[in-house]
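Enquirer: Sharing a structure below in structure tokens format, with a few things to ask.
There are 2 protein chains.
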Amino acid sequence: MEQLKLRIREEGKIRGTNEILKVDSFLNHQMDVAFLGEIGKAFRDRFADCQVDRILTIEASGIAIAYGASQAFGNLPLVFAKKNKTKNIAGDVYISQVESFTQSKRPYNIFVSKDFLHAGEKVLIIDDFLANGSALHALIEIVHQAGAEVVGAGIVIEKAFQSGGELLRKEGVRVESLARIQSMSEETGVVFCE
Amino acid sequence: MEQLKLRIREEGKIRGTNEILKVDSFLNHQMDVAFLGEIGKAFRDRFADCQVDRILTIEASGIAIAYGASQAFGNLPLVFAKKNKTKNIAGDVYISQVESFTQSKRPYNIFVSKDFLHAGEKVLIIDDFLANGSALHALIEIVHQAGAEVVGAGIVIEKAFQSGGELLRKEGVRVESLARIQSMSEETGVVFCE
Numbered sequence: 562m563e564q565l566k567l568r569i570r571e572e573g574k575i576r577g578t579n580e581i582l583k584v585d586s587f588l589n590h591q592m593d594v595a596f597l598g599e600i601g602k603a604f605r606d607r608f609a610d611c612q613v614d615r616i617l618t619i620e621a622s623g624i625a626i627a628y629g630a631s632q633a634f635g636n637l638p639l640v641f642a643k644k645n646k647t648k649n650i651a652g653d654v655y656i657s658q659v660e661s662f663t664q665s666k667r668p669y670n671i672f673v674s675k676d677f678l679h680a681g682e683k684v685l686i687i688d689d690f691l692a693n694g695s696a697l698h699a700l701i702e703i704v705h706q707a708g709a710e711v712v713g714a715g716i717v718i719e720k721a722f723q724s725g726g727e728l729l730r731k732e733g734v735r736v737e738s739l740a741r742i743q744s745m746s747e748e749t750g751v752v753f754c755e
Numbered sequence: 562m563e564q565l566k567l568r569i570r571e572e573g574k575i576r577g578t579n580e581i582l583k584v585d586s587f588l589n590h591q592m593d594v595a596f597l598g599e600i601g602k603a604f605r606d607r608f609a610d611c612q613v614d615r616i617l618t619i620e621a622s623g624i625a626i627a628y629g630a631s632q633a634f635g636n637l638p639l640v641f642a643k644k645n646k647t648k649n650i651a652g653d654v655y656i657s658q659v660e661s662f663t664q665s666k667r668p669y670n671i672f673v674s675k676d677f678l679h680a681g682e683k684v685l686i687i688d689d690f691l692a693n694g695s696a697l698h699a700l701i702e703i704v705h706q707a708g709a710e711v712v713g714a715g716i717v718i719e720k721a722f723q724s725g726g727e728l729l730r731k732e733g734v735r736v737e738s739l740a741r742i743q744s745m746s747e748e749t750g751v752v753f754c755e
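Protein chains in written order, with our numbering: chain X, 562 to 755; chain D, 562 to 755.
Listed below in structure tokens is the structure:
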């Protein structure tokens with residue numbers, strides 16, 4: 562998605578070599594809602610050959626992106642996996658573990674209420690970043706627990722220099738990333754795969 | 562908002578008396594994007610007499626609601642306050658403390674990057690619930706730190722049996738709640754204020 566690559570180039574802030582890329586001016590802190598609508602349409606185009614019944618994402622930064630995708634697919638039901646168990650959540654949940662590399666480096670659980678993911682549903686997973694793939698693996702595990710089917714994963718930015726995308730594709734998951742980064746550093750900026 | 566009250570009556574799950582109301586079938590776990598669009602329009606109508614430059618909310622359940630509001634106001638810039646400091650966030654942030662009653666009962670910090678909230682901006686704060694008002698107070702504090710102006714707070718569901726809304730209105734904050742709950746229990750269901 563050329564418009565996305567342009568914004569990453571212009572607004573992305575890089576720290577270190579192949580480490581941190583901040584795109585919080587439009588994607589995951591401040592959000593450009595019109596642009597997220599375009600991102601949603603790009604996902605719809607990528608998965609135009611698929612039946613999709615439901616969008617699944619993970620809090621917090623996935624939610625707005627999934628909202629745009631839901632609209633592009635005609636207001637599909639959307640559910641986000643929660644990270645923290647609060648007393649507001651139902652007891653009956655699907656649960657899986659994410660190995661974290663960006664927050665506390667401790668693994669954490671994510672869960673989805675059994676009310677909002679059903680056997681036989683065709684689920685499109687949406688997230689902002691794909692790096693080592695641990696969040697995506699945990700989301701796929703939750704879909705499988707429900708007896709539902711993963712249509713694929715729509716990712717805004719894939720850090721292709723990490724192994725998550727390659728591993729998932731080898732496992733047969735259809736991963737569609739709107740921008741794939743081959744390498745990045747403060748000196749070279751962002752180099753995209755294609 | 563009558564359609565909202567209807568959905569709270571039909572889908573809301575109550576625990577205890579004036580304690581927990583779960584509306585996670587459409588508002589804050591599974592999300593009905595078309596309905597959130599209607600909620601966004603209701604906020605636009607309530608604040609039709611105001612100039613609004615920016616929408617501010619708090620992760621995670623505020624994000625989708627704020628997205629709908631941003632669209633209703635013509636794709637206004639949207640920023641959400643973050644709860645956990647990650648290494649992906651900039652150093653320069655506005656920060657304030659929220660006293661939590663629903664999670665760990667420990668206070669926690671929220672923050673917004675100084676890049677995404679500016680002096681002189683007219684800010685509409687959006688959130689799903691208003692109960693004791695601690696999250697809203699913390700968001701207002703952040704707007705004031707930026708030298709920006711709080712136009713008001715658009716709340717989906719106000720637990721009017723708790724003191725947050727009354728306190729904020731006494732302090733001069735314009736609070737517009739789409740559904741105000743006078744009381745609720747498993748026996749009586751939800752009783753709305755008007």
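The beta carbon of each residue, even a glycine, is placed where N, CA and C say it ideally should be.
Does the CB of methionine 745 of chain D have a neighbour CB from chain X at under 8 Å?
Expert: Residue numbering aside, residue 745 of chain D sits at position 184 when the second sequence is read from its first letter. Output row for methionine 745 of chain D: interface = no.
Enquirer: Against chain X, with Cβ distances strictly below 8 Å, would glutamine 591 of chain D count as a contact?
Expert: The residue you call residue 591 of chain D lines up with position 30 of the second sequence. Cβ-Cβ to chain X under 8 Å: yes for glutamine 591 of chain D.
Enquirer: To the nearest angstrom, how far is the alpha carbon of lysine 720 of chain X from that of glycine 629 of chain X?
Expert: On the first sequence, position 159 is the one that residue 720 of chain X refers to. On the first sequence, position 68 is the one that residue 629 of chain X refers to. Each residue's alpha carbon lies about 22 Å from the other.
Enquirer: List, in chain order, every chain D residue whose beta-carbon is nearer than 8 Å to that of lysine 643 of chain X.
Expert: Stepping through the first sequence from its first residue, residue 643 of chain X is reached at position 82. Result: His590, Ala621.
Enquirer: Is there a Cβ of chain D sitting closer than 8 Å to that of leucine 729 of chain X, yes or no?
Expert: Mapped onto the first sequence, residue 729 of chain X falls at position 168. Chain D, which has no Cβ nearer than 8 Å to the Cβ of leucine 729 of chain X, makes this no.
Enquirer: Taking 8 Å as the CB-CB limit, is proline 668 of chain D close to chain X?
Expert: Looking up residue 668 of chain D in the second sequence gives position 107. Chain X contact via Cβ: absent.
Enquirer: For the pair the segment 727 to 735 of chain D and the segment 578 to 588 of chain D, tell me if three or more CB-CB distances fall below 8 Å.
Expert: No, they do not touch.
Enquirer: Taking CB distances under 8 Å as the criterion, tell me whether asparagine 693 of chain D reaches chain X.
Expert: Residue numbering aside, residue 693 of chain D sits at position 132 when the second sequence is read from its first letter. For asparagine 693 of chain D, the answer is no, since every Cβ of chain X falls outside 8 Å of its Cβ.
Enquirer: Which term fits asparagine 649 of chain X, buried or exposed, when burial requires 16 or more other beta carbons within 10 angstroms of its beta carbon?
Expert: For the purposes of this step, residue 649 of chain X is taken as the residue at position 88 of the first sequence. Because the pLDDT at asparagine 649 of chain X is just 48, under 50, the model does not fix this residue reliably, and the value given afterwards should be weighed accordingly. Buried.
Enquirer: If the criterion is Cβ atoms closer than 8 Å, does the pair tyrosine 655 of chain D and glutamine 706 of chain D meet it?
Expert: Here the question's residue 655 of chain D lines up with position 94 in the second sequence. Here the question's residue 706 of chain D lines up with position 145 in the second sequence. Yes. Within cutoff.
Enquirer: List the residues that DSSP assigns as beta-bridge partners of arginine 576 of chain X.
Expert: The sequence position of residue 576 of chain X within the first sequence is 15, counting from 1. BP columns for arginine 576 of chain X point to X:Ile581.
Enquirer: Within this structure, are the beta carbons of alanine 633 of chain D and arginine 605 of chain D separated by less than 8 Å?
Expert: Translated into positions along the second sequence, residue 633 of chain D becomes position 72. Translated into positions along the second sequence, residue 605 of chain D becomes position 44. One thing to note: alanine 633 of chain D has its Cβ within 8 Å of the Cβ of arginine 605 of chain D.
Enquirer: Determine which residues share a DSSP beta bridge with glycine 715 of chain X and list them.
Expert: The count along the first sequence starts at 1 and reaches residue 715 of chain X at position 154. In the DSSP output, where bridge partners are listed per residue, glycine 715 of chain X has X:Ile687, X:Glu737.
Enquirer: With a threshold of 16 other CB atoms inside 10 Å of the CB of threonine 618 of chain X, please say whether the residue is buried or exposed.
Expert: On the first sequence, position 57 is the one that residue 618 of chain X refers to. Threonine 618 of chain X is classed as buried because its beta carbon has at least 16 other beta carbons within 10 Å across all chains shown.
Enquirer: Which whole-angstrom value is the C-beta distance of serine 695 of chain X and glutamate 748 of chain X, which I expect to be below 8 Å?
Expert: Counting from one through the first sequence, the residue named residue 695 of chain X turns up at place 134. Counting from one through the first sequence, the residue named residue 748 of chain X turns up at place 187. 29 Å between Cβ atoms; not a contact.
Enquirer: Classify glutamate 682 of chain D as buried or exposed, calling it buried when 16 or more other Cβ atoms lie within 10 Å of its own Cβ.
Expert: As a first step, residue 682 of chain D must be located in the second sequence, where it is residue number 121. Per the 10 Å Cβ criterion, buried.
Enquirer: Answer yes or no: does any C-beta atom of chain D fall closer than 8 Å to that of serine 586 of chain X?
Expert: Indexing the first sequence from 1 puts residue 586 of chain X at position 25. Yes, serine 586 of chain X lies at the interface with chain D (some Cβ there is under 8 Å from its Cβ).
Enquirer: Residues in the same chain with beta-carbon distance under 7 Å from valine 711 of chain X, minus the five sequence neighbours each way, listed in chain order, please.
Expert: As a working mapping, residue 711 of chain X is identified with position 150 in the first sequence. If we look at valine 711 of chain X and ignore the five residues flanking it on each side, its Cβ neighbours are Val684, Ile686, Ile701, Val704, Val734.
Enquirer: Report the rounded CA-to-CA distance for leucine 597 of chain X versus serine 622 of chain X, giving the unit in angstroms.
Expert: The residue given as residue 597 of chain X occupies position 36 in the first sequence. The residue given as residue 622 of chain X occupies position 61 in the first sequence. Near 12 Å, if we compare the C-alpha coordinates of serine 622 of chain X and leucine 597 of chain X.
Enquirer: Starting from glycine 694 of chain D and walking both ways along the beta strand (DSSP E), at which residues does that stretch end?
Expert: Here residue 694 of chain D corresponds to residue number 133 of the second sequence, with the count starting at 1. From DSSP, glycine 694 of chain D is part of no beta strand (DSSP E); its letter is neither H nor E.
Enquirer: Helix, strand or coil for glutamine 658 of chain D, going by three-state DSSP, please let me know.
Expert: As a first step, residue 658 of chain D is located in the second sequence; it is residue number 97 there, counting from the start. It is a strand residue.
Enquirer: Identify the contact partners of valine 640 of chain D in chain X, using a Cβ-Cβ distance below 8 Å as the criterion.
Expert: What you label residue 640 of chain D is simply residue 79 of the second sequence in a count that begins at 1. Ordered by position in chain X, the residues that pass the 8 Å Cβ test against valine 640 of chain D are His590, Gln591, Met592.
Enquirer: Mind checking which residues open and close the beta strand (DSSP E) that includes serine 674 of chain D?
Expert: Translated into positions along the second sequence, residue 674 of chain D becomes position 113. Serine 674 of chain D -> beta strand (DSSP E) spans 669 to 674.
Enquirer: Valine 717 of chain X: buried (16+ other C-beta within 10 angstroms of its C-beta) or exposed?
Expert: One-based indexing of the first sequence puts residue 717 of chain X at position 156. Per the 10 Å Cβ criterion, buried.
Enquirer: Restricting to Cα atoms, I'd like to know which of X:Asp676, X:Ser744, X:Ser746, X:Leu739 is closest to arginine 568 of chain X.
Expert: The residue given as residue 568 of chain X occupies position 7 in the first sequence. The shortest Cα separation from arginine 568 of chain X among X:Asp676, X:Ser744, X:Ser746, X:Leu739 belongs to X:Leu739.
Enquirer: Where does phenylalanine 677 of chain D sit, in a helix, a strand or coil, going by DSSP?
Expert: Sequence index remark: in the second sequence, residue 677 of chain D carries index 116 (1-based). If DSSP states are grouped into helix, strand and coil, phenylalanine 677 of chain D belongs with the helices.
Enquirer: Look up glutamate 710 of chain X in the DSSP assignment and say whether it is helix, strand or coil.
Expert: Numbered from 1 along the first sequence, position 149 holds the residue referred to as residue 710 of chain X. In this structure, glutamate 710 of chain X counts as strand in the three-state DSSP scheme.
Enquirer: Name the residue from D:Glu563, D:Met562, D:Ala627, D:His590 whose alpha carbon lies nearest to the alpha carbon of lysine 675 of chain X.
Expert: By 1-based counting over the first sequence, the position of residue 675 of chain X is 114. For lysine 675 of chain X, the nearest C-alpha among the options comes from D:His590.
Enquirer: Curious, which full-length beta strand (DSSP E) runs of at least 3 residues does the segment 616 to 649 of chain D contain?
Expert: 639 to 642
Enquirer: What is the DSSP secondary structure of phenylalanine 604 of chain X, reduced to helix, strand or coil?
Expert: The residue labelled residue 604 of chain X in the question sits at position 43 within the first sequence. DSSP places phenylalanine 604 of chain X in helix when its eight states are reduced to three.
Enquirer: Within 8 Å of any Cβ in chain D, is that where the Cβ of asparagine 579 of chain X sits?
Expert: Numbered from 1 along the first sequence, position 18 holds the residue referred to as residue 579 of chain X. Not an interface residue.
Enquirer: Answer yes or no: does any C-beta atom of chain D fall closer than 8 Å to that of serine 631 of chain X?
Expert: Your numbering for residue 631 of chain X matches position 70 in the first sequence. By this cut-off, serine 631 of chain X is an interface position.
Enquirer: Using DSSP with H/G/I as helix, E/B as strand and the rest coil, what is valine 752 of chain X?
Expert: Residue numbering aside, residue 752 of chain X sits at position 191 when the first sequence is read from its first letter. Strand at valine 752 of chain X.
Enquirer: CB-CB under 7 Å to methionine 745 of chain D, same chain, minus the five flanking residues each way: which ones, in chain order?
Expert: One-based indexing of the second sequence puts residue 745 of chain D at position 184. Closer than 7 Å at Cβ, skipping near neighbours: Ile575, Asn579, Leu582, Val751, Val752.
Enquirer: Would you mind reading off the limits of the alpha helix (DSSP H) that contains glycine 588 of chain D?
Expert: Translated into positions along the second sequence, residue 588 of chain D becomes position 27. For the sequence presented, residue 588 of chain D should be read as leucine rather than glycine. It is not in any alpha helix (DSSP H) - leucine 588 of chain D carries neither H nor E in the DSSP assignment.
Enquirer: So with CB distances below 7 Å, who are the chain B contacts of isoleucine 742 of chain X?
Expert: Absent here is chain B; the protein component of the structure consists of chains X and D.
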